[in-house]
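Single-structure report; data block below.
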Amino acid sequence: MDLKALIREIPDFPKPGILFKDITTLLQNAEGLRYTIDLLAEKCAEFAPNCIVGMESRGFIFGAPLAYKLGIGFVPVRKPGKLPSAVHSIEYDLEYGTDCLEIHKDALQGGCRILMVDDLIATGGTAGATARLIQKTGCELVGCAFVIELKDLNGRRQLPDVPIVTLVQY
């Protein structure tokens with residue numbers, strides 16, 4: 001299946017000069033969505049994760065059904081103030097300023113094998129911060145999975161040396 005044909009490109013969004021990769025057209029296509037989850041499961045099963053961590057919010061869209069397909073748990077990484085219990089947090093740099101991500105302190109047990117999932121990797125800032133957050137929990141990041149990779153932005157450089165699966169590259 002040609003996943004690129006199911007991903008709409010929106011010029012000048014969210015600002016001039018950006019060609020936004022819109023996954024809503026992929027999500028509304030039942031066959032395309034099923035294919036995406038099945039392919040991610042096929043490519044990531046060999047990492048033998050026992051939990052998936054997905055980043056707010058599109059990482060939830062792909063991470064939760066992937067966890068279901070693999071028969072493992074799912075843990076969300078959220079923006080500050082969204083999780084009701086004690087959290088680990090990490091601050092990271094953005095192009096203009098900083099941001100923060102959080103995960104419940106009791107969400108992962110030390111030694112868990114984690115697969116990190118998101119819809120897209122671009123510059124790698126959010127993915128790199130999430131990888132560091134996972135390491136803070138005492139768990140092992142065994143792989144990363146992204147539906148889309150924007151190769152020219154070199155986001156992989158922000159990640160530790162683990163296997164990285166991407167389904168579509170631009």
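Its first residue numbered 1, the sequence shown is counted upward by one per residue in the working numbering.
Glycine is no exception: its CB is placed at the ideal position from the N, C-alpha and C atoms.
Proximal residues to residue i (C-beta, below 6 Å), its chain only, five neighbours per side dropped
i, result
"Thr123", "Leu153 and Gly155"
"Ile90", "Leu101, Ala129, Arg132 and Leu133"
"Lys151", "Gln169"
"Asn29", "Leu6"
CA-to-CA distance, residue j to residue i, given in whole angstroms
i, j, result
"Arg34", "Met1", "11 Å"
"Gly110", "Lys136", "10 Å"
"Ile23", "Gly63", "14 Å"
"Ala67", "Gly73", "6 Å"
"Asp118", "Leu40", "11 Å"
"Met58", "Asp93", "The residue you asked about is not Met; residue 58 is Arg in the sequence shown. The alpha-carbon atoms of Arg58 and Asp93 are separated by roughly 20 Å."
"Glu95", "Leu19", "17 Å"
"Pro16", "Ile10", "11 Å"
"Pro65", "Gly71", "10 Å"
Beta-carbon proximity of residue i to residue j, cut-off 8 Å
i, j, result
"Cys139", "Leu108", "yes"
"Thr130", "Val53", "yes"
"Arg113", "Ala48", "yes"
"Ile37", "Lys4", "no"
"Glu56", "Lys21", "no"
"Ile103", "Val87", "yes"
"Val147", "Val162", "no"
"Ser85", "Asp106", "yes"
Buried or exposed (CB count within 10 angstroms, at least 16 for buried), residue i
i, result
"Glu149", "buried"
"Asp12", "exposed"
"Thr166", "buried"
"Lys82", "exposed"
"Leu120", "buried"
"Thr25", "exposed"
Contact with chain C by residue i, beta-carbon distance below 8 Å
i, result
"Pro84", "Annotation note: the requested chain C is absent from the structure, which comprises a single protein chain."
Host alpha helix (DSSP H) of residue i (start-end)
i, result
"Tyr68", "Arg58 to Leu70"
"Leu133", "Gly125 to Lys136"
"Leu26", "Thr24 to Leu27"
Endpoints, beta strand (DSSP E) assigned at residue i
i, result
"Tyr92", "Val87 to Leu94"
"Thr166", "Ile164 to Gln169"
"Asp152", "Here Asp152 belongs to no beta strand (DSSP E), and DSSP marks it neither H nor E."
"Gly32", "Counting along the chain, Gly32 falls outside any beta strand (DSSP E), though it belongs to the alpha helix (DSSP H) covering Ala30 to Cys44."
Same chain, Cβ closer than 7 Å to residue i, five either side skipped, listed in chain order
i, result
"Arg157", "Gly124"
"Leu159", "Gly124, Ala127, Gly128, Ala131 and Cys144"
"Leu115", "Cys44, Phe47, Pro49, Ile52, Val142, Gly143 and Ala145"
Sequence-distant residues of the same chain with beta carbon closer than 8 Å to residue i, five excluded per side
i, result
"Val77", "Val53, Gly54, Met55, Glu56, Gly59, Leu101, Glu102, Ile103, Thr130 and Leu133"
"Leu27", "Leu33 and Ile61"
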